[in-house]
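Trainee: The following block contains the structure, expressed as structure tokens.
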Ligand SMILES: NC(=O)c1ccc[n+]([C@@H]2O[C@H](COP(=O)([O-])OP(=O)(O)OC[C@H]3O[C@@H](n4cnc5c(N)ncnc54)[C@H](OP(=O)(O)O)[C@@H]3O)[C@@H](O)[C@H]2O)c1
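Structural data, given as structure tokens:
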């Protein structure tokens with residue numbers, strides 16, 4: 060490999076990178092790609108918080124990260140080499156993001172600041188319905204400490220955000236600072252919104268709720284509801300995206316004159332190509348609905364089947380973050396925003412996603428035994444929200460009454476129908492905003508970045524979603540990936556050989 064041809068490999072030469080969030084989905088994909096494809100890198104510092112089972116960052120890395128199947132290709136290519144790479148390149152910082160100085164002593168914090176050249180902040184609370192106090196801490200307030208860290212030597216920060224910071228805004232959404240869709244917040248000449256008074260108001264409301272309840276469960280429920288109410292009042296669907304937007308504003312304000320890149324992925328799904336097609340961890344957003352359909356729990360859902368959904372494979376996201384960091388290491392300090400998205404450059408309507416999943420399920424369900432327990436018997440239907448709400452609620456009440464009456468008569472009743480309706484209602488509450496999109500996210504700036512980095516880096520770090528053949532990706536890569544990596548066999552008895560995802564075709 061000729062490094063001279065790669066501005067990215069040159070930018071990382073002998074540099075030290077701090078990454079947060081590597082016990083999570085996106086963080087692992089970034090780390091794997093850096094280890095596999097950026098041999099010029101000096102050191103990688105991993106900030107990981109301990110947990111009761113593995114109290115230090117190093118122990119958590121060894122037990123929860125290094126053991127992940129994402130490293131299988133690296134390990135298979137050179138088992139000793141992978142261990143050497145971890146030993147020589149990785150450094151571990153046991154740190155809790157929300158604690159002052161991440162919980163480090165002043166001396167250790169200062170030493171960390173001296174050693175690193177760029178920070179990639181991928182850690183976040185991605186729970187859409189997190190209690191407001193916790194979401195504010197992780198997605199907004201703790202960014203003060205990140206700012207403090209990067210400001211010591213004015214090093215670049217690449218902050219992983221989300222396209223959905225754009226909230227209820229509609230139409231074509233450019234890679235710029237998004238406005239609140241429902242309430243006006245004063246905007247500074249520098250471009251950010253002045254959110255400190257909003258945050259102070261939210262904190263007052265949090266304190267009031269905390270004082271109102273003695274019971275922990277009631278208090279948690281009240282803080283979840285407070286987050287949702289406040290998010291909607293300002294123009295966001297959920298607490299997660301609202302607190303991520305607040306975080307963006309704090310960073311834009313506090314890092315004026317310094318290097319800040321906001322990288323906003325849309326809905327991150329399994330890898331397109333690398334390290335293997337289809338690698339994914341966990342079942343989130345679109346996959347929760349696919350899984351409920353595959354298991355025949357949900358066959359109709361609220362949404363707009365003609366609308367364009369925005370899905371982006373995780374390897375394109377990791378590549379975008381790496382290219383952004385390389386640019387930030389080389390270029391003059393500036394504020395940059397990149398969206399890793401597909402809805403503008405390679406749009407796919409929801410009805411096509413449904414069709415591809417249904418066709419693959421109907422024709423090849425037996426190949427995906429962890430996902431489908433049998434051939435789905437009914438099609439998946441998307442209906443307008445009003446119809447869904449009336450039909451499901453009516454169906455739920457009718458089933459409940461029927462079951463109660465039959466049980467009263469001593470007849471054994473099955474709770475399956477009721478359970479399925481409940482699953483559909485719960486999924487709809489959390490995800491229906493994402494299944495009736497009224498927006499498309501532009502990634503023009505990201506593609507322009509890839510253009511600037513040259514052909515060699517465009518091939519080594521692809522970011523452009525136009526490369527995706529959706530039918531092949533959804534049927535042969537993503538469903539196979541969900542089956543192979545995200546789901547466990549139903550039981551040892553039902554275990555069948557797992558079909559590996561196919562190589563993605565462009
Ligand atoms: N996944 C998506 O579809 C998607 C879409 C758009 C944007 N994003 C953005 O991508 C980033 C990564 O998301 P993800 O899907 O990888 O999330 P994830 O799997 O839930 O991982 C979150 C990571 O953040 C860490 N973290 C959370 N709170 C922390 C704290 N207080 N101190 C230290 N570490 C903490 C977690 O560590 P623990 O293991 O200790 O909890 C974990 O490593 C986030 O910024 C998210 O907003 C994700």
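In the numbering used here, the protein residues as written are 60 to 565.
Virtual Cβ for every residue (Gly too), placed ideally from N, Cα, C.
Please report how far the alpha carbon of residue 292 lies from the alpha carbon of residue 261, in whole angstroms.
Mentor: Looking up residue 292 in the chain shown gives position 233. Looking up residue 261 in the chain shown gives position 202. C-alpha separation (whole angstroms): 12 angstroms.
Trainee: Report the option in 73, 245, 297 and 162 whose CA atom is closest to the CA atom of residue 184.
Mentor: In the chain shown, counting from the first residue as 1, residue 184 sits at position 125. Closest option to residue 184, Cα to Cα, is 297.
Trainee: Unbroken beta strand (DSSP E) runs of length 3 or more, entirely within the segment 361-437: which are they?
Mentor: 370-372 and 394-399
Trainee: Would you kindly work out how many angstroms separate the C-alpha atoms of residue 534 and residue 467, rounded to a whole number?
Mentor: Taking the chain shown and counting its residues from 1, one reaches residue 534 at position 475. Taking the chain shown and counting its residues from 1, one reaches residue 467 at position 408. About 46 angstroms.
Trainee: Closest by CA to residue 417, which one among 495, 370, 96 and 358?
Mentor: Position 358 of the chain shown, counted from the start, is the residue given in the question as residue 417. Each of 495, 370, 96 and 358 was checked against the Cα of residue 417, and the nearest Cα belongs to 358.
Trainee: Below 8 angstroms on the Cβ atoms is my guess for residue 155 versus residue 299; work out the distance and round it to an integer in Å.
Mentor: Position 96 of the chain shown, counted from the start, is the residue given in the question as residue 155. Position 240 of the chain shown, counted from the start, is the residue given in the question as residue 299. The Cβ separation is near 20 angstroms, so there is no contact.
Trainee: Using only CA atoms, which one of 219, 423, 80 and 257 lies nearest to residue 384?
Mentor: Here the question's residue 384 lines up with position 325 in the chain shown. The residue with the shortest Cα to Cα distance from residue 384 is 219.
Trainee: To the nearest angstrom, how far is it from the Cα of residue 105 to the Cα of residue 151?
Mentor: As a first step, residue 105 must be located in the chain shown, where it is residue number 46. As a first step, residue 151 must be located in the chain shown, where it is residue number 92. Going by the C-alpha atoms only, they are around 5 angstroms apart.
Trainee: Ligand 1 and residue 84: does any heavy atom of the ligand fall closer than 7 angstroms to the residue's C-beta?
Mentor: Reading the chain shown from its first residue, position 25 is the one you call residue 84. Under cutoff, so the answer is yes.
Trainee: Assess contact between the segment 297-317 and the segment 346-363, defined as three or more Cβ pairs (one per stretch) separated by less than 8 angstroms. Is contact present?
Mentor: no
Trainee: If you reduce the DSSP assignment to three classes, tell me which class residue 328 lands in.
Mentor: In the chain shown, counting from the first residue as 1, residue 328 sits at position 269. Of the three classes helix, strand and coil, the one that applies to residue 328 here is strand, per DSSP.
Trainee: Quick check: residue 336 and residue 85, are their CB atoms within less than 8 angstroms of each other?
Mentor: Along the chain shown, read from residue 1 onward, the residue named residue 336 stands at position 277. Along the chain shown, read from residue 1 onward, the residue named residue 85 stands at position 26. No, Cβ-Cβ distance for residue 336 and residue 85 is not below 8 angstroms.
Trainee: Could you give the first and the last residue of the continuous alpha helix (DSSP H) run that contains residue 352?
Mentor: As a working note, residue 352 is residue 293 in the chain shown. Segment 345-353, the alpha helix (DSSP H) holding residue 352.
Trainee: In the structure shown, what three-state DSSP assignment does residue 151 receive?
Mentor: For this step, residue 151 is matched to residue 92 along the chain shown. If DSSP states are grouped into helix, strand and coil, residue 151 belongs with the strands.
Trainee: With 16 other CB atoms within 10 Å as the buried threshold, where does residue 446 fall?
Mentor: Numbered from 1 along the chain shown, position 387 holds the residue referred to as residue 446. So residue 446 ends up on the exposed side.
Trainee: Specify the secondary structure class of residue 467 as computed by DSSP and reduced to three states.
Mentor: Reading the chain shown from its first residue, position 408 is the one you call residue 467. Helix at residue 467.
Trainee: Is it right to say residue 479 is buried, meaning 16 or more other beta carbons lie within 10 angstroms of its own, or is it exposed?
Mentor: In the chain shown, the residue the question calls residue 479 occupies position 420. By the 10 Å Cβ count, residue 479 comes out buried.
Trainee: Confirm the yes/no value for this check: CB of residue 234, any heavy atom of ligand 1, distance under 7 angstroms.
Mentor: If you number the chain shown from 1, residue 234 lands on position 175. Not under cutoff, so the answer is no.
Trainee: So residue 560 and residue 429 are supposed to be a Cβ contact under 8 angstroms. How far apart are they, rounded?
Mentor: The residue you call residue 560 lines up with position 501 of the chain shown. The residue you call residue 429 lines up with position 370 of the chain shown. About 13 angstroms; that fails the 8 angstroms criterion.
Trainee: Can you check the segment 241-286 for any alpha helix (DSSP H) of at least 4 residues that lies completely inside it and give the ranges in chain order?
Mentor: 255-271
Trainee: What residue range is occupied by the uninterrupted alpha helix (DSSP H) comprising residue 78?
Mentor: Position 19 of the chain shown, counted from the start, is the residue given in the question as residue 78. It is not in any alpha helix (DSSP H) - residue 78 instead sits in the beta strand (DSSP E) that spans 75-79.
Trainee: Considering only DSSP beta bridges, list what residue 500 is partnered with.
Mentor: Taking the first residue of the chain shown as position 1, residue 500 is located at position 441. Under DSSP, residue 500 takes part in a beta bridge, and its partners are 232.
Trainee: Just to confirm my understanding: we take residue 96, look at its own chain, exclude 5 residues before and 5 after, and list those with CB closer than 7 angstroms. What are they?
Mentor: Reading the chain shown from its first residue, position 37 is the one you call residue 96. For residue 96, where only same-chain residues beyond five positions count, the Cβ hits under 7 angstroms are 519.
Trainee: By the three-class DSSP mapping on this structure, what secondary structure does residue 505 have?
Mentor: The count along the chain shown starts at 1 and reaches residue 505 at position 446. The answer is helix: DSSP assigns residue 505 an H, G or I state.
Trainee: Straight-line CA distance for residue 451 to residue 344?
Mentor: For the purposes of this step, residue 451 is identified with residue 392 of the chain shown, where counting begins at 1. For the purposes of this step, residue 344 is identified with residue 285 of the chain shown, where counting begins at 1. Cα to Cα, the separation comes out at about 20 angstroms.
Trainee: In chain order, what residues of the same chain have a beta carbon less than 8 angstroms from the beta carbon of residue 182, not counting five sequence neighbours either side?
Mentor: What you label residue 182 is simply residue 123 of the chain shown in a count that begins at 1. Excluding sequence neighbours, residue 182 sits near 79, 80, 83, 86, 106, 156 and 197.
Trainee: Can you tell me which residues form a DSSP beta bridge with residue 320?
Mentor: Here residue 320 refers to the residue found at position 261 of the chain shown. Beta-bridge pairing links residue 320 to 217 and 395.
Trainee: Hey, is residue 326 close to ligand 1, as in C-beta under 7 angstroms from one of its heavy atoms?
Mentor: Taking the first residue of the chain shown as position 1, residue 326 is located at position 267. Answer for residue 326: yes, Cβ within range of ligand 1.
Trainee: What is the DSSP secondary structure of residue 522, reduced to helix, strand or coil?
Mentor: By one-based count along the chain shown, residue 522 stands at place 463. Coil, per DSSP.
Trainee: So the candidates are 235, 459 and 527; which of them puts its Cα closest to the Cα of residue 404?
Mentor: Along the chain shown, read from residue 1 onward, the residue named residue 404 stands at position 345. Selected option, being the one with the closest Cα: 527.
Trainee: Could you tell me the distance, in whole angstroms, from the CA atom of residue 73 to the CA atom of residue 66?
Mentor: Here residue 73 is taken as the residue at index 14 of the chain shown, counted from 1. Here residue 66 is taken as the residue at index 7 of the chain shown, counted from 1. Computed Cα separation, rounded: 14 angstroms.
Trainee: Give me the Cα-Cα distance between residue 252 and residue 75, rounded to the nearest whole angstrom.
Mentor: Taking the chain shown and counting its residues from 1, the one referred to as residue 252 is at position 193. Taking the chain shown and counting its residues from 1, the one referred to as residue 75 is at position 16. Cα-Cα distance, rounded: 32 angstroms.
Trainee: Could you give the C-beta distance for residue 544 and residue 419, rounded to a whole number, given that I count them as a contact under 8 angstroms?
Mentor: Walking along the chain shown from the start, residue 544 turns up at place 485. Walking along the chain shown from the start, residue 419 turns up at place 360. Not really, about 17 angstroms apart at Cβ, beyond 8 angstroms.
Trainee: Would you identify the three-state DSSP class for residue 187, choosing helix, strand or coil?
Mentor: The residue given as residue 187 occupies position 128 in the chain shown. Coil at residue 187, not helix or strand.
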